[in-house]
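J.:
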Amino acid sequence: DAKTTQPNSMESNEEEPVHLPCNHSTISGTDYIHWYRQLPSQGPEYVIHGLTSNVNNRMASLAIAEDRKSSTLILHRATLRDAAVYYCILRDDGGATNKLIFGTGTLLAVQP
Amino acid sequence: GAVVSQHPSWVICKSGTSVKIECRSLDFQATTMFWYRQFPKQSLMLMATSNEGSKATYEQGVEKDKFLINHASLTLSTLTVTSAHPEDSSFYICSASSRWGLSGANVLTFGAGSRLTVL
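So the protein sequences, as listed, match chains Y and P. First residue of the first sequence? That's 791 in the numbering used here, and the numbers climb one at a time after it. First residue of the second sequence? That's 17 in the numbering used here, and the numbers climb one at a time after it.
1. Any Cβ of chain P within less than 8 Å of the Cβ of Gln796(Y)?
2. For a quick check, are the C-beta atoms of Val27(P) and Arg40(P) less than 8 Å apart?
3. Between the region 100-115 of chain P and the region 51-62 of chain P, can you find at least three pairs of beta-carbon atoms closer than 8 Å?
4. Exposed or buried, which one is Gly840(Y) when buried takes at least 16 other CB atoms within 10 Å?
5. Enumerated in chain order, which unbroken segments of the beta strand (DSSP E) with a length of 3 residues or greater are wholly contained in the region 800-837 of chain Y?
6. Measuring alpha carbon to alpha carbon, tell me which of Ala18(P), Gly17(P) and Ile37(P) ends up nearest Leu132(P).
7. Can you give me the C-alpha to C-alpha distance between Asn122(P) and Ser114(P), rounded to a whole angstrom?
8. Return the chain-ordered ranges of every beta strand (DSSP E) run that is complete within the region 40-71 of chain P and spans a minimum of 3 residues.
9. By how many angstroms is the C-alpha of Ile854(Y) removed from the C-alpha of Thr842(Y)?
10. How long is the line joining the alpha carbons of Pro830(Y) and Ser89(P), rounded to whole angstroms?
11. Taking Leu870(Y) and Pro902(Y) to be in contact with their CB atoms under 8 Å, please state how far apart those CB atoms are, rounded to whole angstroms.
12. Can you tell me whether DSSP reads Leu90(P) as helix, strand or coil?
13. Say whether chain Y places a C-beta atom closer than 8 Å to the C-beta of Gly77(P).
14. Give the DSSP bridge partners of Glu38(P), in chain order.
15. When you compare the CB positions of Arg827(Y) and Val837(Y), do they come within less than 8 Å of one another, or not?
16. Going by C-alpha distance, which of Ser25(P), Thr73(P), Gly32(P) and Ser59(P) is nearest Glu103(P)?
17. The beta strand (DSSP E) with Arg131(P) in it runs from where to where?
18. With a cut-off of 8 Å, does the C-beta of His814(Y) fall near any C-beta of chain P?
19. Kindly say whether Gly833(Y), judged by its beta-carbon, lies nearer than 8 Å to any beta-carbon of chain P.
20. Can you give me the Cβ contacts of Ile879(Y) inside the same chain, cut-off strictly under 6 Å, excluding the 5 residues immediately before and after it?
Below you can see the structure in the form of structure tokens.
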């Protein structure tokens, strides 16, 4: 499985934008870039995913480098409820049986 | 959206007993479910892939006789920790693939997790 590299931790101030980076230099052509986050004592939740083009949804934006070797998850206005561990994961979207392998993720702290 | 329900959310048991954790997909069918384990301050570790109507596929290092998985229907998978010991105390999380949004993209929906404490 292609691996991803993320900073161990980041800090942000409330209501400011947050850019969470992820490197995936060995990504293959069929790998989608998925982002999940895990709040304390909860199961992970899906945030966003993309293949080549930048993506936006109600939770966040995903900016994907042209060579696809890196990506950035953007939270436009961080809130205290966004404090969580964010995981960047590559997944071949060929089917429902494809498993997700979690790395260590980035622990995001949001200061009031 | 898709919802995955886990039960119980927490359980305390004595060493040597067996504990069953249920994972249900509430509003969709899941031919495949995944079971993860998470120790404090660590990431999720995939234990096994649960396949409806067939045997589960276990990750390397996970004892299949210790962690029994049954996926008898399209909406239910169970994980039984047999002869539990204190080192089995952990946060167990299940997930299932579902379709997301208008694009119908294939994403994983996770349960809220089950915290097992073995005394």
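The beta-carbon is built from N, C-alpha and C at its ideal position, and this holds for glycine as well. The structure presented is a predicted model; accordingly, all values stated were derived computationally and were not measured.
T.: Walking through what the data contain:
1. Using beta-carbon distances, Gln796(Y) does not count as an interface residue toward chain P, since no partner is under 8 Å.
2. Result no, Cβ atoms of Val27(P) and Arg40(P) do not sit closer than 8 Å.
3. By the C-beta criterion, the region 51-62 of chain P is judged to be in contact with the region 100-115 of chain P, since at least 3 inter-stretch pairs fall below 8 Å.
4. Burial call: buried.
5. The beta strand (DSSP E) runs lying completely inside the region 800-837 of chain Y and spanning 3 residues or more are 808-813 and 821-828, given in chain order.
6. Among Ala18(P), Gly17(P) and Ile37(P), the Cα nearest to that of Leu132(P) belongs to Ile37(P).
7. Whole-angstrom Cα-Cα distance: 6 Å.
8. Runs of the beta strand (DSSP E) spanning 3 or more residues and lying entirely within the region 40-71 of chain P occur at 48-54 and 61-67, in chain order.
9. The C-alpha of Thr842(Y) lies about 6 Å from the C-alpha of Ile854(Y).
10. Answer to the nearest angstrom: the Cα atoms are 31 Å apart.
11. The C-beta distance from Leu870(Y) to Pro902(Y) rounds to 6 Å, short enough to fall under 8 Å.
12. Assigned with DSSP and collapsed to three states, Leu90(P) falls in coil, not helix or strand.
13. Gly77(P) does not count as touching chain Y.
14. Glu38(P) is bridged to His23(P) and Thr94(P).
15. For Arg827(Y) and Val837(Y), yes; Cβs fall inside 8 Å.
16. Checked all of Ser25(P), Thr73(P), Gly32(P) and Ser59(P); the closest Cα to Glu103(P) is Gly32(P).
17. Per DSSP, Arg131(P) is one residue of the beta strand (DSSP E) stretching across Ser130 to Val134.
18. Answer no: the Cβ-Cβ gap between His814(Y) and chain P never drops below 8 Å.
19. With 8 Å as the cut-off, Gly833(Y) counts as an interface residue toward chain P.
20. Excluding sequence neighbours, Ile879(Y) sits near His824 and Leu890.
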